[in-house]
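Everything below concerns the one structure shown next.
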Amino acid sequence: MGSVAALVSDRVRYEEKSIILASRRLSLPLKHVDAKDMVLELGRKRAEEIGCGTVLMRCVSFYRGLHMTAVLEGSGIRVINSFFTSNTCGNKLLSSVALERHGVKTPRTLVAFTPAAAAKAANALGYPAILKPVVGSWGRLIAPLKDEDTAEAILEDRTYMYPLYQVFYIQEYVNRPPRDIRCVVIGGRPVAAIYRYSPPGEWKTNVAVGGSSEPCKVTGEIEKIAVKASKAVKGEVVGVDMMESEKDGLLVHEVNHTTEFKAAATATGVNIAEEIVKYVFRSMKK
Amino acid sequence: MKGKCPECEADIDVPDDAVDGEILTCDECGSDIEVVKAGAKVQLRKAELKGEDWGE
């Protein structure tokens, strides 16, 4: 049991399939478990039931993965990434707090808890400012507050949404080239980095909104920042996103705990899936 | 092997190298279909719709 690991996922994307195929190529025993079919009884020792002591958690649903990680860790299973990492990375506010605490430079961010206070925050940052939901991915519901009137309307809209959207997390608009950098860090080591470009007519750089990518050399500075950011969230397999601010240099705006890596693997030729599998099994020997 | 789309009943080709949980798209209706493998048994079920908390 000690030598077997499990990949827990709820949707097999390019990444999960690559990881499964990599484990087969490397002849390493990685079981695939579908999170959607699992029933977890609290207080049970799951390791024997699942047949392994280490889980690589790759759920695309944030809350499903987070809560499943809590249950698995509670029953003594080691989960990559941990509950702390998932909870921190899955919430932009908690991520920013962790990054700031560890001296990682991030975009200037103000937080407010009512629309009126949020309007003051946007005014203080200056327009445009960027309103981001604290939980969300792929650029969903990220809104540029272009002026005071737009800000007022968008902030009011949020009051009709789930309370989590009323934690107003507002960032400065960072003047930068139309791209950001994604650096994949595995076990504290950057394995690949790419530039992610915004698609035409779009200011977001998420590959999910149709952006393109090309290889980025992992310079000493990128390495230092990416490793520091991964340590700040205690991440084992993460994607660190940074922007090249004209004013402040490299700023980390996000760390992803179930990082997608299709674009990075394709652009750089690095077999990231194999790197992940090797890391999971290497870490089990420690 | 061939399977039936659980949405529109059209034939779907399941590649030999498909892994458990892999998503296929039905050519007829465009639905996302999930491959469920248990040993040699292969079934097809409707894939989950994209959730508000999906991401990386």
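So the protein lines, in turn, are chains A and B. Counting with the numbering used here, you get residues 485 to 770 for the letters of the first sequence. Counting with the numbering used here, you get residues 4 to 59 for the letters of the second sequence. In this text, a Cβ means the ideal position worked out from N, Cα and C, and glycines have one as well. The model shown is predicted, which means the values in this text are computed figures rather than measured ones.
DSSP-derived helix/strand/coil call for residue i
| i | result |
| --- | --- |
| A/PRO662 | coil |
| A/TYR611 | coil |
| A/MET726 | strand |
| A/GLU525 | coil |
| A/ASN740 | strand |
| B/GLU59 | coil |
| A/ALA489 | strand |
| A/GLY704 | helix |
| A/VAL619 | coil |
| A/VAL563 | strand |
Cβ separation of residue i and residue j, assumed to be a contact under 8 Å, to the nearest whole Å
| i | j | result |
| --- | --- | --- |
| A/LEU583 | A/ALA677 | Between A/ALA677 and A/LEU583 the Cβ distance is about 18 Å, and since that is not below 8 Å, they are no contact. |
| A/LEU577 | A/TYR653 | 5 Å |
| B/VAL17 | B/VAL39 | Not quite, the Cβ-Cβ distance comes to about 11 Å (not below 8 Å), so this is no contact. |
| A/ALA627 | A/LEU615 | 5 Å |
| A/PRO599 | A/GLN655 | The Cβ separation is near 17 Å, so there is no contact. |
| B/LEU52 | B/LYS7 | Actually they do not touch by this definition, with Cβ atoms about 20 Å apart. |
Chain A within 8 Å of residue i, Cβ atoms only
| i | result |
| --- | --- |
| B/GLY58 | yes |
C-beta neighbour in chain B for residue i, strict 8 Å
| i | result |
| --- | --- |
| A/THR743 | yes |
| A/PHE546 | yes |
| A/HIS516 | yes |
| A/GLY610 | no |
| A/MET485 | With a pLDDT of only 48 at A/MET485, under the threshold of 50, the placement of this residue in the model should not be trusted, and no figure is reported. |
| A/LYS718 | no |
Same chain, Cβ closer than 8 Å to residue i, five either side skipped, listed in chain order
| i | result |
| --- | --- |
| A/ARG585 | ALA716 |
| A/GLU528 | Before going further, note that residue 528 of chain A is Arg rather than Glu in the sequence given. Same-chain partners within the cutoff: SER559. |
| A/VAL544 | SER493, ASP494, ARG495, ARG497, THR742 |
| A/LEU505 | ALA757 |
Per DSSP, the bridge partner or partners of residue i
| i | result |
| --- | --- |
| A/LEU629 | A/ALA613 |
| A/GLU640 | According to DSSP, which records beta bridges pairwise, A/GLU640 is partnered with nothing at all. |
| A/CYS667 | A/ALA677, A/VAL724 |
| A/MET541 | A/VAL492 |
Spatial neighbours of residue i in its chain, beta-carbon cut-off 6 Å, leaving aside the 5 residues before and after
| i | result |
| --- | --- |
| A/PHE765 | LEU512 |
Own chain residues within Cβ distance below 7 Å of residue i, not counting five before or after
| i | result |
| --- | --- |
| B/GLU25 | VAL38 |
| A/LEU594 | ALA605, ALA608, LEU609, ILE654 |
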